[in-house]
Amino acid sequence: MEVQVRHNNKLVKPSSPTPSHLRKLKLSFIDQHQGPYYPGIIFYYHAASGDAKSAWTRVHRLEESLAETLTIFYPLAGRNGEEGDNFVVTCNDQGAQFVKTKVNRRLDEHLLDGGASGSDMLLTRPVVSTGEVRSSLPLLLVQVNVFECGGLAVSVQCLHAVSDMSSISKFIHAWATTSREGITKVIIRPSFDTGSLFPIKEEPEESFPLPMEVGGDQKLVLKRFVFNAEALSDLRAKIMATFGSQDKGSDFHKKRPSRVELVTALISRALISIDQAKTGQLRPMVLVHSVNFHTKTQIPIPQNAYGNLFVEYVSSPFLPKEDSDLGLLCTLFVWLRDGLKNFVGQLGKVKDPEELRFKVAASQEKLGELMSTGDAMNLILFTSWCDFPVYDVNFGWGAPGLVSGSKFYVELIFLRDTKTGDGIEAWVTLEEDKMSRFKRDLDILRYANLYHLLCGL
Numbered sequence: 000m001e002v003q004v005r006h007n008n009k010l011v012k013p014s015s016p017t018p019s020h021l022r023k024l025k026l027s028f029i030d031q032h033q034g035p036y037y038p039g040i041i042f043y044y045h046a047a048s049g050d051a052k053s054a055w056t057r058v059h060r061l062e063e064s065l066a067e068t069l070t071i072f073y074p075l076a077g078r079n080g081e082e083g084d085n086f087v088v089t090c091n092d093q094g095a096q097f098v099k100t101k102v103n104r105r106l107d108e109h110l111l112d113g114g115a116s117g118s119d120m121l122l123t124r125p126v127v128s129t130g131e132v133r134s135s136l137p138l139l140l141v142q143v144n145v146f147e148c149g150g151l152a153v154s155v156q157c158l159h160a161v162s163d164m165s166s167i168s169k170f171i172h173a174w175a176t177t178s179r180e181g182i183t184k185v186i187i188r189p190s191f192d193t194g195s196l197f198p199i200k201e202e203p204e205e206s207f208p209l210p211m212e213v214g215g216d217q218k219l220v221l222k223r224f225v226f227n228a229e230a231l232s233d234l235r236a237k238i239m240a241t242f243g244s245q246d247k248g249s250d251f252h253k254k255r256p257s258r259v260e261l262v263t264a265l266i267s268r269a270l271i272s273i274d275q276a277k278t279g280q281l282r283p284m285v286l287v288h289s290v291n292f293h294t295k296t297q298i299p300i301p302q303n304a305y306g307n308l309f310v311e312y313v314s315s316p317f318l319p320k321e322d323s324d325l326g327l328l329c330t331l332f333v334w335l336r337d338g339l340k341n342f343v344g345q346l347g348k349v350k351d352p353e354e355l356r357f358k359v360a361a362s363q364e365k366l367g368e369l370m371s372t373g374d375a376m377n378l379i380l381f382t383s384w385c386d387f388p389v390y391d392v393n394f395g396w397g398a399p400g401l402v403s404g405s406k407f408y409v410e411l412i413f414l415r416d417t418k419t420g421d422g423i424e425a426w427v428t429l430e431e432d433k434m435s436r437f438k439r440d441l442d443i444l445r446y447a448n449l450y451h452l453l454c455g456l
């Protein structure tokens, strides 16, 4: 696919200057552990009339409303790392990177023929010269792609060091409301006080590379697997039947397996089998799952808090046993539920930021130790956007027909609700050979529909 840049990159600044007393924003001790990576999300919209000219009117409104929205989310127009301090955002209104492109094909052709490379071309990258420092990087990247038919693909990326998925979702919804109805209709006003609530005490010794230096030569592939409601219901019934002889009053039977639990266990089971086939042994498996702690602790965190409000659940090593696929799946499910339940229960006892700091540090230390073991462990990373209303993002021309993710720099499974809300989309980033095996796994074939990355609008 060829993408022509119709206009040069530009910086969109807030439509009114940020007051001087808001110029410095301290990052939190959760922010400090995030590298300079730009997780991305893309919203696809069909043309209303098939008129490409009207699409450019929409693009103009997107740019105009972005400038207005940045007056509320002013740190996203700033820079991180000025004056040698990587843990302060300078709210200097330098602007968000905004790119307009013209795509030489129709949107439906792109969706039917989509692949990882096609998705990547709809995303922008921070424009910096070789050797430039972190402080030159824009925090927010937007690319608006106009197809020949007038359809649009709007991609949004934000530096992970200043925003998690929940927070960037708040920004995107505010931007959409501004575009659709005006800035006065934006109800939520974000609070940027997480740095004061969770202050940094000790700066980490390691320095993170610039984004263009991340990833190395590893060939990663992104694929979209959809588990619909019927498939999940069937899988849930099989797991429940396996435990049918257990006490009906047990904790297991009081709460049926959730969609996320089912898909996490199923994918983990497949990856264990793939790892065994590649290494010739059953290595201990460690699962890492992001947990949003915003409402899970006793700390009075503002509802509109903006920043990184998650902690990594790092499991104890799980040693698989030679067993049937269903038997291993059920064992995995119970192990996963018990581990996460205990972790969230411990979070619920946290009363002050110092306790949370200890939890975050312990998770980071545990993950670091496990990663240092090299090939001794099979590490599986998950993150989830489930329950985030990404299909409600309406800039003024209706809901998106499809929402896609971007390829990650590491092997990772990204879970999200289907458009209907009752299924799960798994956006799986794996090394090329692993992906080839993953697509052929019998349980994946049985319960998931593999789409071209973007088809299914």
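Residues 0 to 456, numbered by numbering that gives the first Met the number 0, are exactly what the sequence shown covers, in order. All C-beta atoms, glycine included, are put in the ideal place defined by N, C-alpha and C. These numbers were taken from a predicted model, which means no experiment stands behind them.
Just to confirm, is the Cβ distance from residue i to residue j under 8 Å?
i, j, result
"residue 226", "residue 422", "yes"
"residue 74", "residue 141", "no"
"residue 328", "residue 265", "yes"
"residue 260", "residue 332", "yes"
"residue 168", "residue 387", "yes"
"residue 219", "residue 406", "yes"
"residue 309", "residue 290", "yes"
"residue 173", "residue 72", "yes"
"residue 139", "residue 95", "yes"
"residue 79", "residue 134", "yes"
"residue 339", "residue 293", "no"
"residue 136", "residue 54", "no"
"residue 379", "residue 284", "yes"
"residue 224", "residue 392", "no"
"residue 24", "residue 191", "yes"
Candidates the options: which alpha carbon is nearest residue i's?
i, options, result
"residue 457", "381, 374 and 266", "Only positions 0 to 456 of the chain appear in this structure, which leaves residue 457 out of reach."
"residue 40", "389, 425, 408 and 395", "389"
"residue 282", "274, 289 and 288", "274"
"residue 228", "420, 315, 18 and 428", "420"
"residue 301", "12, 65 and 166", "166"
"residue 395", "47, 38 and 22", "47"
"residue 359", "320, 218, 277 and 199", "199"
"residue 336", "150, 320, 262 and 446", "262"
"residue 28", "12, 96, 222 and 86", "86"
"residue 99", "136, 58 and 71", "58"
"residue 432", "277, 164 and 20", "277"
"residue 473", "222, 257, 280 and 221", "Outside the shown range of the chain, which is 0 to 456, sits residue 473, and nothing can be said about it."
"residue 123", "10, 56 and 298", "10"
"residue 26", "371, 163, 397 and 372", "163"
"residue 51", "101, 63 and 43", "101"
"residue 404", "111, 8 and 222", "222"
"residue 384", "334, 402, 376 and 375", "402"
"residue 197", "299, 188, 286 and 35", "299"
Here's the rule: buried if 16 or more other CB atoms are within 10 angstroms of the residue's CB, otherwise exposed. What is residue i?
i, result
"residue 415", "buried"
"residue 77", "buried"
"residue 435", "exposed"
"residue 424", "buried"
"residue 16", "exposed"
"residue 195", "exposed"
"residue 437", "buried"
"residue 32", "buried"
"residue 443", "buried"
"residue 357", "exposed"
"residue 306", "buried"
"residue 159", "buried"
"residue 296", "buried"
"residue 441", "exposed"
"residue 129", "With a pLDDT of only 41 at residue 129, under 50, the local geometry of the prediction cannot be trusted, and no value is derived from it."
"residue 171", "buried"
"residue 447", "buried"
"residue 12", "buried"
"residue 30", "buried"
"residue 186", "exposed"
"residue 346", "buried"
"residue 304", "buried"
"residue 449", "exposed"
"residue 372", "exposed"
So is the beta-carbon of residue i under 7 Å away from any non-hydrogen atom of the ligand MN?
i, result
"residue 22", "The model depicted lacks the ligand MN and carries no ligand whatsoever."
Could you tell me whether the stretch 149 to 165 touches the stretch 263 to 270, using the rule of 3 or more Cβ pairs below 8 Å?
-> no
Report the residue ranges of all alpha helix (DSSP H) runs contained in full by the stretch 137 to 208; include only those spanning at least 4 residues, in chain order.
-> 164 to 180 and 193 to 196
Just checking, does the stretch 85 to 94 make contact with the stretch 142 to 151 on the three C-beta pairs under 8 Å criterion?
-> no
Given 8 Å as the limit, is there contact between the stretch 340 to 358 and the stretch 230 to 237, that is, 3 or more CB pairs closer than that?
-> With the rule of 3 Cβ pairs closer than 8 Å, the stretch 340 to 358 does not count as touching the stretch 230 to 237.
So, do the stretch 177 to 196 and the stretch 63 to 70 have three or more beta carbon pairs nearer to each other than 8 Å?
-> Contact between the stretch 177 to 196 and the stretch 63 to 70 is present, because at least three Cβ pairs lie under 8 Å.
Every unbroken alpha helix (DSSP H) inside the stretch 292 to 341 [4 residues or more] = none
Please go through the stretch 1 to 50 and give each complete beta strand (DSSP E) segment of 3 or more residues, from N-terminal end onward.
-> Under the rule that a run must span 3 or more residues, the beta strand (DSSP E) segments found entirely inside the stretch 1 to 50 read 9 to 11, 23 to 25 and 39 to 44.
Entirely enclosed beta strand (DSSP E) segments - the stretch 346 to 381, minimum 3 residues = Look at the stretch 346 to 381 and you find no whole run of beta strand (DSSP E) that is 3 residues long or longer.
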